[in-house]
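Enquirer: What follows is a single structure, and I will ask about it in a moment.
What follows is the structure, encoded as structure tokens:
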């Protein structure tokens, strides 16, 4: 059974295709990777051990793809003001987010736009996440259902 | 070595219940840097129409990745986990995961293929409550880089 529609100020009728969502900029540092490993249970060594990352053919430690996916979701959930509105969310991990062992870490820039208004009060939002010049997610799409 | 395609279509029944804890949701929300009170405060969650605090959209991976290990770490599959990266992820949500849920997941191997020298395995975990209410389905595609031993661009190295 689907729970009741979320009570949110953002209504389907107020949404226009092509609308750009407010951008998110955030930094991911080594400590964030350790914290995410603990919270998620994903202790793959390539996310915290340079030696293991290089042995696996990577230039350095990389962020969990799922951490990037989680950070990117917030551009949509902040916009609709109720994360329970998200009924579908899909990404391809196109490039790794390389996280150097320094104060700056890696900077992620998340942008998104309303791609299409669908039937049944659904809206598709397309998301882009960049780390420097790299597009680290591709085909990142969320579908929300709005009142 | 290519993965064994005999695994395609294989299903692994639910093995254990995962009980979703309020503090686990908070811990996860902290780890992804999302301060939304609907992940932390029951009153906020109820005002938004939920029975209890809900979990962030990607939280189900905490449950489904562990369930996926049944096939990923199966030695008969032949996957070299040291070469594995996450290729794709998709969630299709019936309702948000919330604190107090007692969830089970049924794992299915949707596809196995080799492409450009990589091994690709696609799995699906259908998550429901232990009473059978559908909650979310997680589709994952993992890539083992350079392990399939086929499709090198230089035939002399094949």
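Residue numbers (this note's numbering), protein chains in the order written: chain A, 1307 to 1453; chain B, 939 to 1096. Glycine included, C-beta positions come from ideal geometry on N, C-alpha and C. Bear in mind that the values here come from a model prediction, so they are computed numbers and not experimental data.
1. If we call anything under 7 Å between Cβ atoms a contact, is residue 1009 (chain B) one with residue 1082 (chain B)?
2. In whole angstroms, give me the CA-to-CA distance for residue 1375 (chain A) and residue 1436 (chain A).
3. Measuring only the C-alpha atoms, how far is residue 1030 (chain B) from residue 1432 (chain A)?
4. What are the boundary residues of the alpha helix (DSSP H) that residue 1008 (chain B) is part of?
5. In three-state terms, what does DSSP make of residue 950 (chain B)?
6. List, in order along the chain, the chain E residues whose C-beta lies closer than 9 Å to that of residue 1323 (chain A)?
7. With a threshold of 7 Å on Cβ separation, who are the neighbours of residue 1104 (chain B) within its own chain once the five nearest residues in sequence on each side are excluded?
8. Please list, in chain order, all residues of the same chain as residue 957 (chain B) whose beta carbon is under 7 Å from its beta carbon, the five residues on each side excluded.
9. Rounded to the nearest angstrom, what separates residue 1069 (chain B) and residue 955 (chain B) at their Cα positions?
10. Are the segment 1349-1369 of chain A and the segment 987-997 of chain B touching by the rule of at least three beta carbon pairs closer than 8 Å?
11. Return the CA-CA distance between residue 1397 (chain A) and residue 1434 (chain A), expressed in angstroms with no decimal places.
12. So with CB distances below 7 Å, who are the chain B contacts of residue 1318 (chain A)?
13. Look up residue 1348 (chain A) in the DSSP assignment and give the residues it is bridged to.
14. Determine, using beta carbons only, whether residue 1421 (chain A) and residue 1430 (chain A) come nearer to each other than 7 Å.
15. Enumerate in chain order the residues of its own chain whose CB-to-CB distance from residue 1340 (chain A) is below 7 Å, with the five nearest sequence positions on each side excluded.
16. Any beta-carbon of chain A closer than 7 Å to the one on residue 1052 (chain B)?
17. The beta strand (DSSP E) that contains residue 1025 (chain B), what's its start and end?
18. Classify residue 1330 (chain A) as helix, strand or coil using the three-state DSSP reduction.
19. Can you tell me the Cα-Cα spacing of residue 1324 (chain A) and residue 1015 (chain B), whole angstroms?
20. Does residue 900 (chain B) come out as helix, strand or coil in the three-state DSSP assignment?
21. Let's test the definition: count the other Cβ atoms within 10 Å of the Cβ of residue 1320 (chain A) and tell me whether it reaches 16, buried, or not, exposed.
22. Looking only at DSSP bridge pairs, what is residue 1037 (chain B) linked to?
23. Check each candidate in A:1415, A:1317, A:1335, A:1316 and name the one with the smallest Cα separation from residue 1406 (chain A).
24. Please decide whether residue 1039 (chain B) counts as near chain A, where near means a Cβ-Cβ distance under 7 Å.
25. Looking at the secondary structure, which residues open and close the beta strand (DSSP E) in which residue 1446 (chain A) lies?
26. Are the C-beta atoms of residue 1349 (chain A) and some chain B residue less than 7 Å apart?
27. So for residue 1085 (chain B), helix, strand or coil by DSSP?
28. Please report how far the alpha carbon of residue 1307 (chain A) lies from the alpha carbon of residue 1413 (chain A), in whole angstroms.
29. For the beta strand (DSSP E) that contains residue 1436 (chain A), what are its first and last residues?
Expert: In short:
1. Not in contact: residue 1009 (chain B) and residue 1082 (chain B) (Cβ atoms no closer than 7 Å).
2. Looking at the two C-alpha atoms, the distance is approximately 12 Å.
3. Straight across, the Cα-Cα distance linking residue 1030 (chain B) with residue 1432 (chain A) is about 16 Å.
4. For residue 1008 (chain B), the enclosing alpha helix (DSSP H) has its first and last residue at 998-1010.
5. DSSP places residue 950 (chain B) in strand when its eight states are reduced to three.
6. The structure shown contains no chain E; the protein chains it does contain are A and B.
7. This structure leaves residue 1104 (chain B) out entirely; chain B is present only between 939 and 1096.
8. Within the same chain, residue 957 (chain B) has close Cβ partners 1040.
9. If I take the Cα positions, the gap works out to 11 Å.
10. Touching, no.
11. Cα to Cα, the separation comes out at about 10 Å.
12. Neighbours of residue 1318 (chain A) on chain B: none; closest Cβ ~16 Å, over 7 Å.
13. Partner(s): none; residue 1348 (chain A) has no beta bridge.
14. Contact flag set, yes.
15. So the qualifying residues of the chain are 1354.
16. Not closer than 7 Å to any Cβ of chain A, the Cβ of residue 1052 (chain B) fails to qualify, so no.
17. Annotation for residue 1025 (chain B): the continuous beta strand (DSSP E) segment containing it runs 1022-1031.
18. Assignment of residue 1330 (chain A) by DSSP, reduced to helix, strand and coil, places it in the strand class.
19. Each residue's alpha carbon lies about 45 Å from the other.
20. Since the first residue of chain B shown is 939 and the last is 1096, residue 900 (chain B) is not available in this structure.
21. The residue is exposed, with fewer than 16 neighbouring Cβ atoms inside 10 Å.
22. Under DSSP, residue 1037 (chain B) shares a beta bridge with no residue.
23. If we check each option's Cα against that of residue 1406 (chain A), A:1335 comes out closest.
24. Chain A, which has no Cβ nearer than 7 Å to the Cβ of residue 1039 (chain B), makes this no.
25. 1440-1451 is the extent of the beta strand (DSSP E) around residue 1446 (chain A).
26. No - not a single Cβ of chain B is within 7 Å of the one on residue 1349 (chain A).
27. Note: residue 1085 (chain B) maps to coil in three-state DSSP.
28. Residue placement at residue 1307 (chain A) cannot be trusted, given a pLDDT of 36 that sits under 50; what the coordinates show is reported in the next sentence. Rounded to the nearest angstrom, the two C-alpha atoms are 40 Å apart.
29. 1428-1437 is the span of the beta strand (DSSP E), which, as asked, contains residue 1436 (chain A).
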